[in-house]
Each structure stands twice: as C-alpha cells, then as structure tokens.
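S.K.:
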RNA sequence: GCGAGAGUGGCGGAACUGGCAGACGCGCGAGACUUAGGAUCUCGUGGGCAACCGUGGGGGUUCAAGUCCCCCCUCUCGCACCA
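Numbering (this note's numbering), first residue to last: 5 to 880.
1) Taking the alpha-carbon positions, what's the residue 5 to residue 689 distance?
2) Buried or exposed for residue 232, please, with buried defined as at least 16 other CB atoms from any protein chain shown within 10 angstroms of its CB.
3) In this structure, how does DSSP classify residue 634 when only helix, strand and coil are distinguished?
4) Quick one: what's got a C-beta closer than 7 Å to residue 691's C-beta in the same chain, skipping five residues either side?
5) If you reduce the DSSP assignment to three classes, tell me which class residue 328 lands in.
6) With a floor of 3 residues, list each beta strand (DSSP E) that falls wholly inside the segment 242-279, ordered by position along the chain.
7) Using 8 Å as the cut-off, can you tell me whether the segment 353-368 makes contact with the segment 251-265, which would need three or more C-beta pairs spanning the two stretches below that distance?
8) Grouping DSSP H, G and I as helix and E and B as strand, with all else coil, what is residue 629?
9) Is the segment 80-96 in contact with the segment 498-513, if contact means three or more CB pairs nearer than 8 Å?
10) Between residue 252 and residue 336, what straight-line distance do the alpha-carbon atoms span, to the nearest angstrom?
11) DSSP state of residue 593, grouped into three classes?
12) Measuring only the C-alpha atoms, how far is residue 331 from residue 352?
13) So the candidates are 144, 541, 468, 566; which of them puts its Cα closest to the Cα of residue 532?
14) Which partner residues does residue 506 have in the DSSP bridge list?
15) Would you report the Cα separation of residue 669 and residue 419, rounded to the nearest angstrom?
16) Quick one: grab the DSSP three-state call for residue 370.
17) With residue 423 as the anchor, note down where its alpha helix (DSSP H) starts and where it stops.
18) Report the partner residues of residue 606 according to the DSSP bridge assignment.
19) Between which residues of its own chain and residue 16 is the CB-CB distance below 7 Å, once the five residues before and five after are set aside?
20) Just verifying my parser: in three-state terms, what is the DSSP assignment at residue 668?
21) Going straight from the alpha carbon of residue 872 to that of residue 821, what length do you get?
22) For residue 717, collect the residues of the same chain with a Cβ closer than 6 Å to its Cβ; drop the 5 residues on either side in sequence, then sort them by chain order.
23) Tell me which residue opens and which closes the beta strand (DSSP E) that residue 156 is part of.
24) Could you give the DSSP three-state label for residue 179: helix, strand or coil?
25) Kindly provide the ranges of any alpha helix (DSSP H) runs that are 4 or more residues long and lie completely inside the segment 735-777, ordered along the chain.
26) Are there 16 or more other CB atoms within 10 angstroms of the CB of residue 869, so buried, or fewer, so exposed?
27) What residues are listed by DSSP as bridge partners for residue 411?
28) The beta strand (DSSP E) with residue 317 in it runs from where to where?
29) How about residue 809 and residue 782: do their beta carbons lie closer than 8 Å?
30) Check this for me: beta carbons of residue 536 and residue 588, under 8 Å apart or not?
31) Taking the alpha-carbon of residue 696 as reference, which of 674, 755, 143 has the nearest alpha-carbon?
32) With a threshold of 6 Å on Cβ separation, who are the neighbours of residue 227 within its own chain once the five nearest residues in sequence on each side are excluded?
33) Classify residue 657: buried if its beta carbon has 16 or more other beta carbons within 10 angstroms, exposed otherwise.
34) Pick from 442, 441, 458: whose alpha carbon is nearest that of residue 449?
35) For residue 378, does the count of other Cβ atoms within 10 angstroms reach 16, so buried, or fall short, so exposed?
36) By the DSSP assignment, the alpha helix (DSSP H) with residue 139 in it spans what residues?
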C-alpha cells in the first residue's frame, strides 16, 4: 500500500491558494519587528538555472522561518532587465529587446512560482520599465547637480565585441567580464560617477560590516587600496619648454636619499616635452609606441620583464641636490599617482631589477638592525617598512627609524614647499556611459550655446525609443534615431542634441533594494517612511562574483542617496551570505571535447566511451572530468524545470539545501535528489499512518505507554531545539534537515512499537504533538507538503502563518545518561547513570564496571578527570 | 608574490566554547514482505584476523586534539608592477 503523494497536484494547489489568499503580501507594520530578506534579482535570460534554485531556496527558508518567528518579513523579487543579451537577441534574431525581455520575464516568473517561493509579488519590479528607470535618470541628475556625475575625456576600457565601454570593475584580467573578449584602451569622452569621493567611507565602513564574509571585505579593501604618501616635485636640471619639474607620488619618502633615477609612464604627455630636440627622441618614441601596442593585461603582469629607455633629460633630487636621470619605464602606470615615480633600487624590488639591468647606481639608505647590508653586494631590495629599518646616508635624517623618518621627511618637504602629503586610491571613478541601446538613456542635452544641460525633472523619463534598427555595427544605436537625438535646449530653447549613450546596467541594481520598499510610488523614487521602516536589508544572499562589482556600487549609491536625504542608512546590507556554486562532474573525449552525459556509451564500471566517436567507428575512452561549475560550455547543466516536473519543488528545494551548507559549493547528484524525494515520501507515509491513529482513543494508561510518551516528547523537543539552533546559527540548513530526518526515523520506530499493542492516551497526545511539530519544522524547507499535511491534521491555512515552535527545556532532558569511560584517554567502556547523579556516584559506578577491570586492575590510579554529564577519564 | 578559504569513510557531508570521530544522506551488504522489485520496511556498513590504527604530512601542548601552537605539502578562489 504505497500511498505516495502527488507533488504535481499538491504543489499547484498550494501555489494557487497562496496567490489567491495574498498570503505573502506585506505592508509596513510598526507593531512588529521587520526582517528584510533579499536574494540578488536575476537577469531574465530565459530560464532559471540551478544557481537560482539554490539562491532562492536558501532565501525562502530564511524568509519563511523569520515570518514564523514573528517578524514582518519583506521578501521581494524583480528583474535586472536591461543588458546586452537582449540586444544581441535583437541583432541575431530580429526580435525587439523589450519583447524578448518581457517574454523571458513571463516565463521565469512562472518558473519561480513553481518553486513555491514566499515572495510578495505585488512589489515585483523590472528595471527596464520607465517607472523604474526614470528614477535612474533622476538620480543621475541629482548626482550631476552635486558634481558626482561628470564628463571627462580619458582612456577607457573598450570591449570590441560588446562594442562598449566597461568600468574598471568589469574588466577581469584584461578581459570583458561578460563576453571574455580582450579589452583595449580607447580615448573617449564619457560620463563618470565620482565614487572616489566616497573612497574613504567605503573603505572605513568595511570594518563595520561584521555580518559580511571576511573575504568579500578583503576584496573590497584591496580594490579600494588606500596609500598614504607624499607628492614631491623634482625640478628638472634644465627646463623643457613649460615643464620645470616632475611631480612624483611616493609612500616611501623615507628612502628619498636613495633615489638614483626617475621613471615616467610611457603614456605621459611629459615624455614628448622632455625628449624634444634630443638625440634620444627617436629611441624613446619607438619604445613608447611598442609598449602602448601591448595588451594591457600583458604589460601589467607582475612577471613582465622591466624595460625602459633613458630620455636624455635629468632632474635634481631636492633632498640631495644631485642630478638623476629620467627614464621611461613600462611598469609605471599613467593612471596611478602622478604617472611618474622616483626610483629607489635599494629599497624597491622593481627599481632594483630595473637598475641592475641598466647599470644604474644602487644606493643603500635603510640599514637593517644587524647592519649586515652591503650596498655593493645587494641581492635584492630591502623593503623593510617597520621600525627595524634605520636610515643611513640620509643627511640630517640618518639614524631615524623608518616610520618616524616618513613623518619627518614629509614635514620637511611640506615646510620647504617641495611636497605635500597625499592619499591615493586604486579605486577609480565609475565610468557609466555605454554605447548600447538596451539601457537607461542618460538624461543630458548638449546645446551649442548653453553647454551640457540636464533634462528638467518634469520631463522625465527620457523614454527609450521603441523603433530602433539593430545592426550590431557602429556607434550607439540611439545616435541613429533622429527624433531621439534632436531636441531643444531646456535653457535657451535652441536646437540641441540628446546624449545617446545609456547607463551601465549596474546603475539599475545599485538601488533596487530601496525601491522594493515603495515600488508603486509614482511621484518620487523612494517613499521615505517606507524606506525608514524596511531598510537596511537584514540578509542579502547571492553569488560571490559580485564581491567588488554590484556590492561596491550598491554601497556607494546607498551613501549618495543618504546624502540626498532619502534614507538614513549608511550601509544597505547588514548581513551578506555568499552562496557557493552549483557544480557537476564533466566528461571529456580526447576528440570531441566536453560531452553531455547523453553522449556517453559504456558504463561507469567498465569505463565510459564516447558515443560520437563510436558512431564513426572509433573507440575513445572518456575521462570523468573534474567537478565544475555548471555551464553550457562544459555541458554539465541540469535544467531545474525538468527536476521540478519530475520530483516537485519541495524535492528540488530539499536537495539543494541538504547536499551542502549554503556557503560551500554544491555538487549535483542524481542519487541525492532521489534521497530528498524519498525523505518527503517517507514523511508523507508517516503522517498518513499517524493521523489514522490520532483520532482514536486507545487503551488506558500503562507504564510502558507513559515511558514511550516521554520518549516521544523528548525527541520532539530536541528536534525543535536542534532545527532552531541550526537555522539561527550560520544557516546550517543541511544539519537542520538531518535532524528532521532523525526525527522521522525515530517516529517510525515508536509508531511501529506502539501499533503492536494498545496505545496509552498520553502516548497519543505525544504523537499528535510530534506530528504537528514535524509539519511546522518542515514548513520553511518544503512548504507545499507542509501545507497539505497541516490541512490533514485538521488546521486551516496557512502553516506559513503559524508561530515557530519553542522547545521546552524541561522535556529535552534525559532521565538517564550514557557516560563514556576512558582510561588514559582511550575509550574503554560506557556506563549508564541517572541524569542527576553526583560526581562520586558516577566515578564509583565507573570504577565498579567489570569491563574496566582489565585496564584498571593492579595499576596505580594517578588521576581521575570528570567532566559533568560528558565523560570520565582514569589516568593510571 | 600577497590575501581568503579548504583538505575527515567508497561519495556528499556531521562533530557549538578541546571531551564517545564519521550524525544525516548516498552507495554497498544481509534479511523481511512480495509472482516480481529499481517500491517499502528492518539490521549492518572507517581500516585491520587481532593487539591496534585512523581527520593532508611532521613535530608539540594536554588526562584528552579533526579542534590549540610550530613547520611543511596540496587544492580552490580573489588580487596582482598601485610607487
């Protein structure tokens, strides 16, 4: 009699019910504590993938749990709907990006509903809707007013494949973050957000983000990379045109007496001035051209050989008044500092390599405590920055420890007017112009008379025109739409041109979490009272890949919006959970490369063979490859839709929560899915069995029945305790589910026993409680089956509105304990004692244990360790 | 090179502040019920015949170490000439 549950009908039933009853609709309620639970919203690519399933299952357990714990839970969902794939689809298939996106959203919304996620769908937003992106434009204008959005001409990252500019954060190892094409440098005039104005706060506030994983904080800290130093002017030995001095930035001003040459970045405009009319000019120009042709990623690799040429020009070290040569070197970056450095070979490894290669003098000016360094026999730079290093050959500063010398030399430079203390960041301003169509139009107008003029607020949104030819060639698609480009100047009324670039889509995702607080607001971007109630996000959940992209931009935007007075929160995300990737094994054929599992012949036991090879009469052994992140190219994708259709959403959720803790990578396993499904079936059968008995009053009281009832209660309340602890403590959903499995296993045992004889009334009560608690504890994890079982137990919907059960400590305690007994730290026996037994009683009983006589007999007892309720250890 | 994290059965993974290593699941083995079982239920399952040995390797602290300290190895991820 296998009465298995029909997940299809049951899940559809409850999804419809939740929707009909508006079960997950929330509004502000000052009487209740709030909890804002947010998962990173998806790009509507067409279908959800296993990473989404995992991400949203984790978030949903937390949202449902917090709800049962009495919180007013905000749990919204939306769409990061602008972006290049829609535009590419338009180019390739001749469909409109908007239509393509809408269809994808409709399909994926259906998929998410099938997962049974407790979203408040009334708050759904889509960033490509004018209702949303008009506020991007409004923020842009506000930032422009404050000088936080500005236009400049500079070298920018250009992806030739996406045909657009990229921000620094969007270049990974010299390649485009999206399409992996090699990024080149291009000189363009572009819009930037002045994120560097917030560099100091973005850096310092990282220390307050104690709810974030350390590695994300480290990555952001490193990305911002603050350096404290001084800018010092080195006068030229003879002026070169207008140029009379070279300004350098250094953090090692303490080594300035050891500077024996200087280097300029090849891109520096000063190079041309310095070499003008010199015999070296030809060689230098050749070098600069050769270096600038190199890919940036290649040129800036740390193991790249240091190269340079002498310009023929000389500068004067303002501290020693010595003439030192000026070089151009490939390792000097034009964008950082002043694009020029003083080089101290004795105390900087790069300078050391360079000087050694070109025979430039090396001067030791920091000596180690043992005074063992010999200027003429250095094998590498001595880079000590702590007090251990002492200055030598440094004039009046000789003898000072490095940290003090830094201060004194900076003081001196400032007092003499030759230098200034400066802080430099690696963080650059965020280039937000994109030469693409499917994004937010930048609300700016160019007037020949008035210059750059923002679109007046009452004219927002600047609508993205619907009819645009997509050729995939040339400049911004918007630039070809005359009706769009041609406009009138809001100031003088003369003919003017609109900006035709759109905004980086990361702008859209930089404040969507704020918009969820008041998504239907039409007159303002944010409704301050709603934002004040809901913000900040209490738990944010998503992939690690956004550690310095989205997560940095969102922090920046939150601070800007705070400074606009729309919110008081300094940081958007109090707690951050970066979930691991979903991985699966791969298969590789020596001839065909990656294979789908369906392309495998043979068997696991006898070795896999390649089916495409076999079809052409060749026998190729297939290697079971490494476990890799699911990806199309590696042909190891599992479609969640198929999973849900076959096993149901509850099983899909249970599997992805049980197979690994959320922070770690999850390895896909068909057997693991089976296991999750089997567990739910087992729960179902148990509950059918139990409810069949619960109504009937059987038997009277008997001793065994009473004892069994206590046992059931103990198991029930220990499970409540364990599941609650596990969910509260670092999202240990896998062990929480394990506890539920143990609970079910235990209940199977007691019901089997009980059904043999009569059942005491208190036992029936205990079982009734156990059944209820099981359903409640299961509800956040497998909500559909939990609702159905809750109904089976005779309750009305929804189990999601029930309070989370509380463990009764009086019921969790055992009456008897099993105490392990060690001799010299090795387990030799166990004894059973009363829970309230005294130390003397336990030790006495242990000493009398016959099994221990072999180990204790005839030996001198040196010490007895007693850990209350834990163990006894005899040292002999 | 710097930074973060990880290394535990055949596999995924447990073990909160040092206190019974291997919970739970998968797999495997045996049995029960069955015409049948790839369903379900029950029992077993780190290695070794044993003494014993077992948490990447080697030292150490401790009555007691997966957990703490020192040295080393491997893997994953991130950053990478930032002056």
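Each residue gets a CB set at the ideal place from its N, CA and C atoms; glycine is no exception. Quick caveat, the model's predicted, so the values are computed rather than measured.
M.R.: This is what the structure holds:
1) Residue placement at residue 5 cannot be trusted, given a pLDDT of 35 that sits under 50; the coordinates are not used to answer.
2) exposed
3) coil
4) 775, 793, 796
5) strand
6) 247-254, 265-268
7) yes
8) strand
9) yes
10) 11 Å
11) strand
12) 16 Å
13) 566
14) 438, 445
15) 57 Å
16) strand
17) Careful: residue 423 lies outside any alpha helix (DSSP H), inside the beta strand (DSSP E) at 423-429.
18) 612
19) none
20) coil
21) 11 Å
22) 770, 815
23) 153-163
24) strand
25) 737-760
26) exposed
27) Beta-bridge pairing links residue 411 to no other residue.
28) 312-320
29) no
30) no
31) 755
32) 552
33) buried
34) 458
35) exposed
36) 134-149
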